[in-house]
Each structure stands twice: as structure tokens, then as C-alpha cells.
Amino acid sequence: MAVLPIVEVPDPRLRLVSKPVETIDDSTRAFVADMIETMYDAHGIGLAAIQVGVDQRILVIDLQDEVETDEDGKETPIRDPRAYINPEILSVGDESKIYNEGCLSIPEQYAEVARPASCRVRWQDETGASHEEYLDGLLSTCMQHEIDHLNGVLFIDHISRLKRDMVMKKLAKMRRAG
Ligand code: GNR
Ligand code: NI
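In our numbering, the protein residues as written are 540 to 717.
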């Protein structure tokens, strides 16, 4: 397993439309394991393959919203990583929801993004098996954010030009400060 370097804006690879995975094999599974390790190392709740420079339709998500409490009362998040290969949004609900989004490829910048609150998604797992599920809450938001990456779309594309310029300015300032 390996922690892979994360691609950041304005790297043009983030604008690529990723390609469907044709065969799911041991090398796919090894890459998924690296993506999961990279996601945890970066403290993200999701990661798309293109964020580590691979233009394949693969993403991983772990919201880590459940914690385990030990005898001393110390809380550790329970890891439950999921891989989604060739994910497709089949339909979205009518209701829209605003979430303060961040992105590992736009480090430490956040903006409120409106998206459909729920969606129906189909994907393949690491064994190649197909699944279909209705998602809502943060999982729905995160899935839409990740599938956007597979289509070369970033959360800043969903906000006003003014807010986008503010995010990019703050990012430049942060990078100058190191
Ligand atoms: O870690 C992440 N947090 C997050 C918060 C709100 C909406 C989406 C996300 S995904 C992001 C990790 C990332 O950049 N995935 O592409
Ligand atoms: Ni992202």
C-alpha cells in the first residue's frame, strides 16, 4: 500500500473526463487500496482517482461518521471504506440541499454548494459486482462531488464567479504563506 501525491488546482488533469474501467482485476484492487490509504492520510471523506492522477472512473468514500469508544472514553472513528467503480447517477431527487464543501485538490478552501439532496446511483465494487442504491445526506453530497471529479468538474464550478475568485485568491495567499 502507498500514500499517493494529490493533484491540486490548477493542474489540467483535474479537467479530464475519466475513462470507464474495462476490467476489474488485482491491479485495480491494489490501486483502490492505495486510494483508501491516501484518503485517510489526507483526512478526506472521499477521493476520486484523478485526484491522484489516474483518469479512470474509480472513487472511494468513507464518511467516518461512526465512532468507537474505548474503556478510557477515547473515541476513534470506525473505518468503513467503500470503492465505487464506474459509478453512474441514475436519477436525482427534486429537493436541493446546501453543504459547505471542501476538496483535497483545493486545499483548505470551502464554499456552500447547492446540489440535489438525494440520488440513485449504480456502480461496480472491487469484485465487479453491480450495485444500485438510493443515497441521501452527506453520502449523497459526497458521491455527487466525487462523480463530478470523474467528469472534470470541481465544486468551485457550482458557485458564483465572485466566490470562485475569492476561493482562488485565498488559496494563492495561503500557498505564498506556505
Ligand atoms: O474531504 C472532503 N470533504 C468534503 C466535504 C463536503 C463535500 C465533499 C467533500 S469531498 C472532500 C474530499 C475530496 O476532495 N474528494 O474529492
Ligand atoms: Ni474533491
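Quick reminder that beta carbons are idealized off the backbone N, C-alpha and C, glycines included.
Within its chain, find whatever has a CB closer than 7 Å to the CB of residue i; leave out the 5 residues flanking it on each side and keep chain order.
{"i": "residue 573", "result": "540, 541, 543"}
{"i": "residue 587", "result": "598, 685, 688, 689"}
{"i": "residue 581", "result": "545, 643"}
Would you decide whether residue i is buried or exposed? Buried here means 16 or more other CB atoms lie within 10 Å of its CB.
{"i": "residue 673", "result": "exposed"}
{"i": "residue 616", "result": "exposed"}
{"i": "residue 608", "result": "exposed"}
{"i": "residue 596", "result": "buried"}
{"i": "residue 644", "result": "buried"}
{"i": "residue 682", "result": "buried"}
{"i": "residue 591", "result": "buried"}
{"i": "residue 578", "result": "buried"}
Relative to the C-alpha of residue i, which candidate in the options has its C-alpha closest?
{"i": "residue 640", "options": "707, 619, 545, 680", "result": "680"}
{"i": "residue 631", "options": "711, 570, 654", "result": "654"}
{"i": "residue 633", "options": "675, 667, 644", "result": "675"}
{"i": "residue 553", "options": "697, 625, 692", "result": "692"}
{"i": "residue 648", "options": "567, 610, 698", "result": "698"}
{"i": "residue 625", "options": "582, 594, 635, 677", "result": "594"}
Given a cut-off of 8 Å, decide if residue j and residue i are closer than it, judged by their beta-carbon atoms.
{"i": "residue 650", "j": "residue 706", "result": "yes"}
{"i": "residue 638", "j": "residue 660", "result": "no"}
{"i": "residue 589", "j": "residue 560", "result": "no"}
{"i": "residue 571", "j": "residue 665", "result": "yes"}
{"i": "residue 600", "j": "residue 585", "result": "yes"}
For residue i, which residues in the same chain have their Cβ closer than 6 Å to its Cβ, ignoring the five residues on either side in sequence?
{"i": "residue 576", "result": "540, 542"}
Whose C-beta lies closer than 8 Å to the C-beta of residue i among residues of the same chain, with five residues either side of it excluded?
{"i": "residue 605", "result": "616, 617, 619"}
Exercise for the section: Would you mind listing the alpha helix (DSSP H) stretches within the region 559-605 that are 4+ residues and don't spill past its ends, in chain order? Expected result: 565-580
Exercise for the section: Give, in chain order, every unbroken run of the beta strand (DSSP E) that is at least 3 residues long and sits entirely within the region 610-691. Expected result: 614-616, 621-631, 635-642, 645-655, 658-663, 669-674
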